[in-house]
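Read through the structure below, which is laid out as C-alpha coordinates, and then see the notes.
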Amino acid sequence: MNHLTLKIVEVIKKSNPEQTHPIEIMHYALSIILNTLLIIITSLCIGGLTGQLKETFLALFSFILLRMSSGGVHLKTARACNIVSIFICSLIPHITYLIHNQFIWINLFSLLVMILCAPNPDANAQIPKEWYLGLKIISIILVSLNFWIHSSVIGLAFLVQSFTVIIPLQRRPIK
35 MNHLTLKIVE VIKKSNPEQT HPIEIMHYAL SIILNTLLII ITSLCIGGLT GQLKETFLAL
95 FSFILLRMSS GGVHLKTARA CNIVSIFICS LIPHITYLIH NQFIWINLFS LLVMILCAPN
155 PDANAQIPKE WYLGLKIISI ILVSLNFWIH SSVIGLAFLV QSFTVIIPLQ RRPIK
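Shown next as C-alpha coordinates:
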(Lines of atoms letter the chains of each structure in order from A and count residues from 1; the text may use other names and numbers.)
(Lines give C-alpha, C1' and ligand atoms only; values in the text may rest on other atoms or scores of the structure.)
Protein backbone atom coordinates (compact mmCIF):
# COMPACT_ATOMS: atom_id res chain seq x y z
CA MET A 1 0.00 0.00 0.00
CA ASN A 2 2.87 2.33 0.83
CA HIS A 3 4.43 1.85 -2.62
CA LEU A 4 1.11 2.53 -4.38
CA THR A 5 0.55 5.66 -2.30
CA LEU A 6 4.01 6.97 -3.14
CA LYS A 7 3.49 6.38 -6.88
CA ILE A 8 0.15 8.24 -6.82
CA VAL A 9 1.68 11.16 -4.90
CA GLU A 10 4.61 11.38 -7.32
CA VAL A 11 2.20 11.56 -10.28
CA ILE A 12 0.23 14.32 -8.54
CA LYS A 13 3.42 16.25 -7.73
CA LYS A 14 4.72 15.97 -11.31
CA SER A 15 1.43 17.18 -12.75
CA ASN A 16 1.50 20.41 -10.73
CA PRO A 17 4.72 20.91 -8.74
CA GLU A 18 4.09 24.52 -7.72
CA GLN A 19 0.57 24.21 -6.36
CA THR A 20 0.89 20.96 -4.42
CA HIS A 21 2.10 20.26 -0.91
CA PRO A 22 5.42 18.52 -0.27
CA ILE A 23 5.48 14.82 -1.16
CA GLU A 24 5.76 13.76 2.49
CA ILE A 25 2.59 15.60 3.49
CA MET A 26 0.60 14.32 0.51
CA HIS A 27 1.90 10.79 1.13
CA TYR A 28 0.80 10.88 4.77
CA ALA A 29 -2.68 12.19 3.93
CA LEU A 30 -3.23 9.84 0.99
CA SER A 31 -2.04 6.82 2.97
CA ILE A 32 -4.68 7.53 5.63
CA ILE A 33 -7.38 7.80 2.96
CA LEU A 34 -6.31 4.65 1.09
CA ASN A 35 -5.93 2.58 4.26
CA THR A 36 -9.36 3.66 5.46
CA LEU A 37 -10.88 2.79 2.08
CA LEU A 38 -9.15 -0.60 2.17
CA ILE A 39 -10.66 -1.38 5.57
CA ILE A 40 -14.15 -0.26 4.55
CA ILE A 41 -14.21 -1.96 1.14
CA THR A 42 -12.67 -5.23 2.34
CA SER A 43 -14.94 -5.43 5.39
CA LEU A 44 -18.04 -4.72 3.28
CA CYS A 45 -16.98 -7.34 0.71
CA ILE A 46 -16.59 -9.92 3.47
CA GLY A 47 -19.94 -8.86 4.92
CA GLY A 48 -21.57 -9.19 1.51
CA LEU A 49 -20.05 -12.61 0.89
CA THR A 50 -21.21 -13.87 4.28
CA GLY A 51 -24.70 -12.38 4.05
CA GLN A 52 -24.02 -9.78 6.74
CA LEU A 53 -23.58 -6.64 4.62
CA LYS A 54 -25.96 -4.39 6.58
CA GLU A 55 -24.59 -5.53 9.92
CA THR A 56 -20.98 -5.08 8.75
CA PHE A 57 -21.79 -1.56 7.57
CA LEU A 58 -23.42 -0.84 10.94
CA ALA A 59 -20.36 -2.17 12.81
CA LEU A 60 -18.00 -0.04 10.70
CA PHE A 61 -20.14 3.07 10.99
CA SER A 62 -20.62 2.69 14.76
CA PHE A 63 -16.95 2.03 15.43
CA ILE A 64 -15.79 4.96 13.27
CA LEU A 65 -18.36 7.37 14.70
CA LEU A 66 -17.45 6.65 18.32
CA ARG A 67 -13.73 6.63 17.50
CA MET A 68 -13.98 10.12 15.99
CA SER A 69 -15.28 11.53 19.27
CA SER A 70 -13.53 9.32 21.83
CA GLY A 71 -10.10 8.80 20.29
CA GLY A 72 -8.07 5.76 21.28
CA VAL A 73 -4.73 4.05 20.83
CA HIS A 74 -3.35 3.17 17.43
CA LEU A 75 -1.52 0.06 16.37
CA LYS A 76 2.14 0.47 15.46
CA THR A 77 1.76 -0.05 11.70
CA ALA A 78 -0.88 0.67 9.09
CA ARG A 79 -0.78 -2.99 8.02
CA ALA A 80 -1.56 -4.14 11.57
CA CYS A 81 -4.39 -1.60 11.77
CA ASN A 82 -5.81 -2.78 8.45
CA ILE A 83 -5.74 -6.47 9.41
CA VAL A 84 -7.16 -5.99 12.91
CA SER A 85 -9.84 -3.52 11.79
CA ILE A 86 -11.00 -5.74 8.93
CA PHE A 87 -11.04 -8.78 11.23
CA ILE A 88 -13.00 -7.04 13.98
CA CYS A 89 -15.53 -5.27 11.74
CA SER A 90 -16.11 -8.47 9.77
CA LEU A 91 -16.39 -10.62 12.91
CA ILE A 92 -18.78 -8.46 14.96
CA PRO A 93 -21.92 -9.26 12.89
CA HIS A 94 -21.25 -12.99 13.25
CA ILE A 95 -20.91 -13.11 17.04
CA THR A 96 -23.75 -10.88 18.24
CA TYR A 97 -25.74 -13.93 19.32
CA LEU A 98 -23.12 -14.48 22.04
CA ILE A 99 -23.95 -11.27 23.88
CA HIS A 100 -27.74 -11.07 23.95
CA ASN A 101 -27.84 -11.85 27.69
CA GLN A 102 -24.96 -9.46 28.42
CA PHE A 103 -26.18 -6.56 26.27
CA ILE A 104 -26.90 -4.21 29.18
CA TRP A 105 -23.52 -4.92 30.82
CA ILE A 106 -21.62 -4.33 27.60
CA ASN A 107 -23.38 -1.00 27.09
CA LEU A 108 -22.81 -0.02 30.73
CA PHE A 109 -19.11 -0.86 30.45
CA SER A 110 -18.76 1.21 27.27
CA LEU A 111 -20.65 4.09 28.89
CA LEU A 112 -18.44 3.97 31.98
CA VAL A 113 -15.30 4.03 29.81
CA MET A 114 -16.61 7.07 27.92
CA ILE A 115 -17.46 8.86 31.18
CA LEU A 116 -14.08 8.16 32.77
CA CYS A 117 -11.61 8.11 29.87
CA ALA A 118 -12.98 9.83 26.77
CA PRO A 119 -11.63 11.53 24.88
CA ASN A 120 -8.24 9.90 24.61
CA PRO A 121 -6.91 11.45 21.40
CA ASP A 122 -3.85 10.29 19.53
CA ALA A 123 -0.65 12.13 20.45
CA ASN A 124 -0.50 13.53 16.91
CA ALA A 125 -4.05 14.88 17.01
CA GLN A 126 -4.29 18.64 17.00
CA ILE A 127 -7.49 18.80 19.04
CA PRO A 128 -7.78 21.89 21.24
CA LYS A 129 -8.28 21.09 24.94
CA GLU A 130 -11.42 23.25 24.89
CA TRP A 131 -13.10 20.62 22.70
CA TYR A 132 -12.52 17.73 25.12
CA LEU A 133 -15.72 18.24 27.12
CA GLY A 134 -17.79 18.38 23.93
CA LEU A 135 -16.12 15.23 22.60
CA LYS A 136 -16.78 13.47 25.92
CA ILE A 137 -20.45 14.48 25.80
CA ILE A 138 -20.79 13.28 22.19
CA SER A 139 -19.17 9.94 23.14
CA ILE A 140 -21.51 9.53 26.12
CA ILE A 141 -24.57 10.38 24.00
CA LEU A 142 -23.57 7.91 21.27
CA VAL A 143 -23.17 5.03 23.72
CA SER A 144 -26.33 6.04 25.60
CA LEU A 145 -28.37 5.98 22.39
CA ASN A 146 -27.73 2.25 22.12
CA PHE A 147 -29.75 1.67 25.31
CA TRP A 148 -32.71 2.88 23.23
CA ILE A 149 -31.69 1.37 19.86
CA HIS A 150 -30.73 -1.91 21.55
CA SER A 151 -28.41 -3.16 18.79
CA SER A 152 -25.98 -5.96 19.59
CA VAL A 153 -23.86 -4.97 16.57
CA ILE A 154 -23.55 -1.38 17.80
CA GLY A 155 -22.93 -2.63 21.35
CA LEU A 156 -20.03 -4.83 20.25
CA ALA A 157 -18.55 -2.11 18.03
CA PHE A 158 -18.72 0.33 20.96
CA LEU A 159 -17.18 -2.28 23.28
CA VAL A 160 -14.20 -2.78 20.97
CA GLN A 161 -13.76 0.98 20.62
CA SER A 162 -13.98 1.37 24.41
CA PHE A 163 -11.01 -0.96 24.81
CA THR A 164 -8.94 1.27 22.52
CA VAL A 165 -9.75 4.23 24.76
CA ILE A 166 -8.61 2.51 27.98
CA ILE A 167 -5.74 0.32 26.71
CA PRO A 168 -3.03 2.58 28.14
CA LEU A 169 -4.82 2.02 31.48
CA GLN A 170 -4.17 5.59 32.51
CA ARG A 171 -6.03 8.80 32.09
CA ARG A 172 -4.47 11.50 30.02
CA PRO A 173 -2.97 14.31 32.10
CA ILE A 174 -5.23 17.33 32.36
CA LYS A 175 -3.28 20.55 31.99
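Quick note on my numbering: the sequence shown kicks off at 35 and runs consecutively. Even glycine gets a Cβ: it sits at the ideal position worked out from N, Cα and C. Predicted model, so just to flag it, every value in this text is computed and none were measured.
| Query | Result |
| --- | --- |
| Tell me which residue opens and which closes the alpha helix (DSSP H) that glycine 168 is part of. | 166 to 183 |
| Are asparagine 141 and glycine 82 touching if we call contact CB-CB under 7 Å? | no |
| Just curious, the alpha helix (DSSP H) that alanine 63 is in, first and last residue? | 57 to 83 |
| With DSSP as the reference, please indicate the residues paired to glycine 105 in a beta bridge. | Asn154 |
| Is it the case that the Cβ atoms of leucine 193 and serine 144 are separated by a distance below 7 Å? | yes |
| Is the separation between the beta-carbon of methionine 60 and that of valine 43 shorter than 7 Å? | yes |
| Using the rule of at least 16 other Cβ atoms within 10 Å of the residue's Cβ for burial, across every protein chain shown, is serine 77 buried or exposed? | buried |
| Quick one: what's got a C-beta closer than 6 Å to serine 103's C-beta in the same chain, skipping five residues either side? | Leu169, Ile172 and Ser173 |
| Examine the Cβ distances between the region 64 to 78 and the region 90 to 107 and report whether three or more of them are shorter than 8 Å. | yes |
| Could you compute how far the alpha carbon of asparagine 116 sits from the alpha carbon of threonine 70? | 8 Å |
| Is it the case that the Cβ atoms of valine 107 and threonine 198 are separated by a distance below 7 Å? | yes |
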